[in-house]
Amino acid sequence: MAYMSRRTRIIAVIGALALLGALGLGFALLRPAEEESPWEFLGPAEGDVTSLVFDPTTPTTLYAATAYGGVYKSEDGGTTWRYLRGSGFRGRSLAIASTTPTTLYFYGDGVYKSADGGATWRAVNRGLELGERNWVSALSIDPTNPRVVFAGTGTGVYKSTDGGESWRKIAGYVTEINALSIDPTNPRVVFAGTSVVYKSEDGGETWTRTSTGLNEVWDVFIDPQNPQVIIAITDEGVIRSADGGATWRAADGLPAKNMSSLLRTPTGVMYVSDWEDCSHLYRSADGGATWSRVDIIEILLASPLDRCPRGSGRTLRLLAVDPTAPATLYASLSLSGLLRSSDGGVSWQPAGLPRSVLSLAQTPSSLYAGTSSGGVYRSDDRGLTWRAASDGLTGFDVFALAVDPTTPTTLYASTDNGAHKSDDSGLTWRAVGLPGQSVQALSVIPTTPTTLYAGVGYGDEPGVYKSTDGGETWRAIGLPGQRILTLAVDPTTPTTLYAGVREGGVQRSDDGGATWRAVGLPGRSVRALAIHPIEPATLFAGTNDNGDNALFRSTDGGATWSESIKTTGIIAVVIDPNAPATMYAANENREILRSTDGGATWSREKGSSLFPRSLLLVTDPAQPPAIYVGTSISGVWRLAIDKARWAPYP
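If you want it as structure tokens, here you go:
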């Protein structure tokens, strides 16, 4: 049954979050107090965006919540986002008081309240019966009196008359609450969604069952222009009542299956999304009586790696509509961050808060994050706030970022749709070659920054490519048909470069890529390469195969190799240019490793529990040295090296 499949998925997610917390792997779930940990979360986001609310008095102010906990705030209409410190709870939904918009509630494993626009938070759970599988799944604020709040859990409906300070169970026989909705014209009328729809006409004191068994009701919506119209999203489709819940019928034009979420615009147009198919929406212009299908243009543009294939099972969750622009919708697509549509859901663009960071780069003024399915994001304040920097980018998986060392306003991005270049610090981009190819690696020659190398890992023509005019044109120079995962250029002899190849080991060229030869680790997939900045005959290669993995060291330019450390798949390795005996590595076991003797022995940072995808070592003289870690599910984290806690490894 659809009910069982969706209920099972939700229980599995909650259970997984609980397990992550129990194992100490849950990031924000059990994040230690910031003063006790060398790890600092920077953003852009932890987990998928699950909730979005607008400040009703200042629509340029938005708040977003994510699946792994944490609230984010934008005060410029979503252009930049700031993580609200102290909001890293186990929750996923937000509610804002319409009459006092500085009052917010964030709920999940409990109810958390902010009275100052998200600056500070505290738990307000007195009277609630909570447990690992008994989360607060619904919360609704009286639109006329912000001190009256209803909360729904697995054990019933609770009511607070003092702004959440205390709670009283008012409907213990109405259990497994998924949704609560208050009539905006008569706040004594409240609807609850469980396995059926319940209605109260006395402020929640008594309840009447209004619908027949539906397996599960996930959302209940009251039309503010005509509160007799009630719409409920159920496992068996969308049902509608035109008489205040007395009678119900299936909505015309919608499939009888799980639907994800519903939005109503200020003009009365409604949208609903499909739980299992993110390729289209449904639209109604008559209060939900009839619906028509809206096909979505390929989400995130014409990327060769389709983000939303038909029937993929990925969920497009509708979140909010811009109160000042009725055709502007916000949604989240699993794995892809926040999306915005300005044409009623036909086309979508990234709107911030991606969670998976594949690459990192830094200039003297900015930090850049290349994301999965979200393009490039830029922070000008060391990660306090982030803004999208993807205008003109036609690929949205950004595998590598490179900066022109002589002109730091010039950046390059290698994506799942070729190479791109920006001449204005990432404000705008243009495609400069290798369209349709998944460019996994990119290197700029420091001494001649108009010379670049690109490694194509996937596409019709994998191999190594070279540009000698600042990325404007490219030509294939070697290793045709081989999937390139990483590149490294000799810092003292730029005509010498190495390529890490999928199931092809390490390949070396001594003539700028004209010819190549295998120099070690045959049959292995080499994901990470690093060359000693002073002794370039010393290099490190990290493997990432299904079998045994290690970080290997060569002291003769790749002619021979030895294991530096046996570990799970190596994701990245960097060498400190100011202290070349010191190096750092990240592996698939959520560990950050350090060696201070050139790779002879290693230690592990004891507080690390990340899922790393990229490493950036920052040795800015104006600040203490730090490592920035881009992760697969929880944004960017900063490790203050002088505060790190190292233990011998293994």
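So the sequence shown is numbered by our numbering: it starts at -6 and just counts up by one. For glycine and all other residues, C-beta sits at the position ideal for the given N, C-alpha and C.
So, is the C-beta of residue i closer than 8 Å to a C-beta in chain E?
| i | result |
| --- | --- |
| Val210 | Chain labels in this structure do not include chain E; a single protein chain is all it has. |
For residue i and residue j, I'd like the C-alpha separation in whole angstroms.
| i | j | result |
| --- | --- | --- |
| Glu27 | Arg161 | Because Glu27 sits at a pLDDT of 41, beneath the cut-off of 50, its placement in the model cannot be relied upon, and the following sentence gives the value as read from the coordinates. Each residue's Cα considered, the two are about 34 Å apart. |
| Gly550 | Ile568 | 16 Å |
| Gly426 | Pro614 | 36 Å |
| Ser340 | Val314 | 15 Å |
| Leu55 | Tyr100 | 17 Å |
| Met576 | Thr589 | 7 Å |
| Ser366 | Ala572 | 36 Å |
| Gly246 | Leu326 | 24 Å |
| Arg476 | Pro455 | 5 Å |
| Ile175 | Ala225 | 13 Å |
| Ala406 | His413 | 5 Å |
| Ser188 | Val167 | 10 Å |
| Val262 | Asp279 | 7 Å |
| Gly19 | Arg510 | Interpretation of Gly19 is limited by its pLDDT of 35, a score under 50 that renders its predicted location unreliable; the figure taken from the coordinates is listed afterwards. Near 44 Å, if we compare the C-alpha coordinates of Arg510 and Gly19. |
| Pro439 | Thr400 | 11 Å |
| Val622 | Ser349 | 11 Å |
| Glu496 | Pro316 | 53 Å |
| Leu532 | Asp336 | 52 Å |
| Ala15 | Thr553 | Only weak support exists for where Ala15 lies, its pLDDT of 32 falling under 50; the coordinates are left without a value. |
| Ala131 | Thr624 | 30 Å |
| Gln218 | Leu608 | 52 Å |
| Tyr370 | Arg202 | 49 Å |
| Ala507 | Val482 | 14 Å |
| Ile570 | Arg606 | As written in the sequence, residue 570 is Pro, which differs from the Ile given in the question. So the alpha carbons of these two residues sit roughly 21 Å apart. |
| Ser193 | Ala185 | 8 Å |
| Leu255 | Leu312 | 8 Å |
| Leu322 | Gln500 | 48 Å |
One question on the structure: do residue i and residue j come within less than 8 Å of each other, judged by their Cβ atoms?
| i | j | result |
| --- | --- | --- |
| Arg517 | Gly498 | yes |
| Val190 | Ala144 | no |
| Val437 | Leu445 | yes |
| Ile620 | Leu603 | no |
| Leu478 | Leu490 | no |
| Phe392 | Gln355 | no |
| Gly521 | Gly493 | For the sequence presented, residue 521 should be read as Ala rather than Gly. It is a contact, given that the beta carbons lie within the stated cut-off. |
| Ala382 | Gly419 | yes |
| Ala172 | Trp200 | no |
| Tyr275 | Arg257 | no |
| Pro139 | Thr95 | no |
| Ala58 | Gly330 | no |
| Gly368 | Leu386 | yes |
| Arg310 | Ala320 | no |
Taking the alpha-carbon of residue i as reference, which of the options has the nearest alpha-carbon?
| i | options | result |
| --- | --- | --- |
| Pro473 | Ser130, Pro439, Gly450 and Leu394 | Gly450 |
| Lys559 | Ala362, Val213, Ala619 and Glu581 | Glu581 |
| Thr308 | Val265, Thr321, Thr283 and Ala344 | Val265 |
| Glu269 | Gly600, Asn208, Val262 and Lys250 | Lys250 |
| Ala640 | Glu584, Gly111 and Ala633 | Glu584 |
| Pro220 | Thr178, Lys192 and Ser253 | Thr178 |
| Leu346 | Tyr76, Asn127 and Ile564 | Tyr76 |
| Lys106 | Lys152, Gly157, Gly71 and Leu532 | Gly157 |
| Gly70 | Gly63, Ala318, Arg597 and Gln616 | Ala318 |
| Thr548 | Asn537, Thr536 and Pro529 | Pro529 |
| Val117 | Ser159, Asp374, Gly419 and Leu274 | Ser159 |
| Ser372 | Gly385, Ser383, Asp384 and Ser358 | Ser358 |
| Pro484 | Gly464, Leu332, Ala469 and Pro442 | Pro442 |
| Glu556 | Gly411, Asp538 and Ala534 | Ala534 |
| Gly197 | Gly40, Val210 and Lys152 | Lys152 |
Residue i lies in the beta strand (DSSP E); which residues open and close that run?
| i | result |
| --- | --- |
| Asp384 | No beta strand (DSSP E) contains Asp384, which DSSP labels as neither H nor E. |
| Ile585 | Ile585 to Ser588 |
| Asp212 | Val210 to Ile215 |
| Leu610 | Pro605 to Val611 |
| Trp630 | Val629 to Ala633 |
| Lys106 | Val104 to Ser107 |
| Tyr100 | Leu97 to Gly101 |
| Ile470 | Arg468 to Gly471 |
| Ala313 | Leu309 to Val314 |
| Arg520 | Val519 to Ile524 |
| Asp288 | Ser285 to Asp288 |
| Trp595 | Trp595 to Glu598 |
| Ile438 | Ile438 -> no beta strand (DSSP E), and no H or E assigned at all. |
| Ser502 | Gly498 to Ser502 |
| Ser358 | First-last for Ser358: undefined, no H or E at that position. |
May I ask you to list the residues that DSSP assigns as paired with residue i?
| i | result |
| --- | --- |
| Tyr264 | Leu256 and Arg276 |
| His413 | Ala406 and Ala424 |
| Gly84 | Gly101 |
| Val183 | Ile175 and Ser193 |
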